[in-house]
Amino acid sequence: MAARAAPPPCLHHPFPPSPPSQRSSLAAPPSAPPPRSTPTSSNPPASSGPSSLPTASQPPTAASALPRPLSPVLRQAPEPNIFSRNILLGAMLKSRDLLSARRLFDEMPDRDAVAYNSMMSGYIDGGRNNEALSLVWTMLEAGVRPSGFTFSIILSAVRVARHGVQVHAAAVRHCFAHQNSVVGNALINMYRRVGLLEYAVQVFWSMNGHDIVSWNSVMSVYRDDGQRRQVFECFRMIRSHGLFFDECSLSTVLSACIDAEDSSKGDQLLTHCVKMGLLRNSLICSAVIGLLCASDRLADAVYLFKGMATWDSETCNAMISGYARSGLMEQALGLFTMALQNGILPTGFTFASVLRWSSCFGLVEQGTQIHALIFKLGLEDDLIIATALVDMYCKLASLKHAKKIFSRVSFKDLVLWNTMITWSFTAMGEVIEDFQGFRQM
């Protein structure tokens, strides 16, 4: 493990006592103490609303327990123990039989961290994040000591900032938040996902040691916040701490060069990638295509794209965005269609890019056609796509359609709320309704 890095002068370690009401610059985070003083009880605060963690479910009563073990394998075993039950539980979850897995889990006389981790992973893989969050509190209330893997699992299920802060507090109490790099990296990604970029940076600088995953995560946070100088500084510090950057590091730095005022850094990185033969990597190649398109070198981007041996969703997304950015919507939609015909399923960023530029150029028909495809694929609930759809319909003066899409999204983050509120305020007669939405947020 590399030695702990000293943070840049503009950053401080402590956490604010509660999530900030609005995003601020990461350069000067508040200096209140971290959530280390969270009450030692593992019970989460009770709440009937969606703003708190789900109440931990009670274990089944004897009357509801099954009269006999679920599996013939267990019935044949003279004394099935916790290891054999965990193996069977894992097999059921691997076959996506959540109902049988939960029944087996409930009838286990003793449950260890392995059983809880397996069950939570099964819920998350099945898209049932709330049940996974409920189960982790049941685990803590039962006195089962969690592992670092427990927190890394459950943090991937967090979609609400308050839930993330509560899980973070539990990780601090069990001494995993700062000592375990896997948990620390999961915390950084969780705070980035819920929009608390300031918290993500503070988690990074409070960790006892950083691996390349940690550096890549915090560089992505700085890039998302538009702090390109910090991205470049972190990239320099990777080498000074005896680590070697990977394709994720390079792609993050290249993407940070897109809107940089000084294009020399991007050109230097591009030269390095060419000399080292790194353009065969699709992740790096897609970042280079984005950089070339942003610097008005579309012909070079097309040449690089067409010279690739294979295309994937990353490279296609970069090229589609490049076409759309240059106003070549016909080429963008043509490549979009060709990718679908070749079995390359577009990512949420692909759809968002096409929708964004369709609205910018006032292409109503193309935008609605893409929306129809999104509906057919069942992707309307995807947060990135939903935000792009709301923004597109608002720009095209169709607030009714935007509100309809907004109401269908099960989980709404700060970006989606801001998009809806901003455009609602610009429409006549929508101010009162918008204030109601602000209170709901």
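Going from the sequence shown to the numbering used here is simple: count from 1 and add 3.
Glycine is no exception: its CB is placed at the ideal position from the N, C-alpha and C atoms.
This one's a predicted model, so the numbers in the text were calculated from it and none came from an experiment.
The beta carbon of Leu338 sits closer than 7 angstroms to those of Cys319, Met322, Ile323, Tyr326, all from its chain and outside the five residues before and after it, given in chain order. For His275, the enclosing alpha helix (DSSP H) stretches over residues 267-278.
Within the same chain, and ignoring the five residues on either side of Ala405 in sequence, the residues whose Cβ sits closer than 6 angstroms to its Cβ are Val393, Tyr396, Cys397. Per DSSP, Val139 is one residue of the alpha helix (DSSP H) stretching across 132-144. About 13 angstroms separates the CB atoms of Val175 and Gly151; that is not less than 8 angstroms, and the two are not in contact. Rounded to whole angstroms, the separation of the alpha carbons of Leu96 and Arg106 is 12 angstroms. For Ile377 and Ala342, the gap between their C-alpha atoms comes out near 15 angstroms. In the structure shown, Lys403 adopts helical secondary structure according to DSSP, grouped into three states.
In this structure Val204 is not in contact with Val234, their Cβ atoms being roughly 12 angstroms apart against a cut-off of 8 angstroms. Using a 10 angstroms sphere on the CB of Pro149, the tally of other CB atoms reaches 16 or more, which defines it as buried. A direct Cα-Cα distance of roughly 14 angstroms separates Ala335 from Gln344. Shortest Cα-Cα distance from Ser298 to any of Cys260, Thr313, Tyr306 involves Cys260. Secondary structure at Trp420: helix, using DSSP grouped into helix, strand and coil. Measuring C-alpha to C-alpha distances from Gly269 to each of Leu257, Ser209, Asn284 identifies Leu257 as the nearest. A Cβ-Cβ distance of about 11 angstroms is found for the pair Asn188 and Ser159, leaving them out of contact under the 8 angstroms criterion. A straight line joining the alpha-carbon of Val216 with that of Met210 spans about 13 angstroms. Look at the region 284-311 and you find no whole run of beta strand (DSSP E) that is 3 residues long or longer.
By the beta-carbon neighbour count (other beta carbons within 10 angstroms, threshold 16), Val291 is buried. Counting the other Cβ atoms within 10 Å of the Cβ of Asn132 gives 16 or more, which makes it buried. Annotation: the continuous alpha helix (DSSP H) that includes Val170 extends over 164-176. Measuring C-alpha to C-alpha distances from Asp113 to each of Thr390, Ala145, Phe154, Ser361 identifies Ala145 as the nearest. Exposed is the label assigned to Cys178, since fewer than 16 other Cβ atoms lie within 10 Å of its Cβ.
A distance of 9 angstroms or more separates the beta carbons of Ile191 and Ile156.
Leu366 and Glu134 have their C-alpha atoms some 42 angstroms from each other. Rounded to the nearest whole angstrom, the CA to CA distance from Lys403 to Arg359 is 18 angstroms. In this structure, Val170 sits away from Asp416, with a CB-CB distance that is not shorter than 9 angstroms.
Between Leu101 and the set Glu368, Gly130, Ile388, the nearest pair of CA atoms involves Gly130.
Between Leu281 and Ile287 the beta-carbon gap is near 5 angstroms, inside 8 angstroms, which marks them as a contact.
Residue burial annotation: Ile388 is buried, with at least 16 other C-beta atoms found within 10 angstroms of its C-beta.
Comparing alpha carbon positions, the residue from Lys278, Asp115, Ser289 closest to Ser254 is Ser289. Beyond the five residues adjoining it in sequence on each side, Ala118 comes within less than 8 angstroms, by CB distance, of Ile85, Arg88, Asn89, Leu92, Phe108, Met111 in the same chain, given in chain order. Distance from the CA atom of Val412 to the CA atom of Lys379, rounded to whole angstroms, is 16 angstroms.
Gly346 is not a Cβ neighbour of Asp385, given a cutoff of 9 angstroms. The continuous stretches of alpha helix (DSSP H) do not include Glu383, and DSSP gives it neither H nor E.
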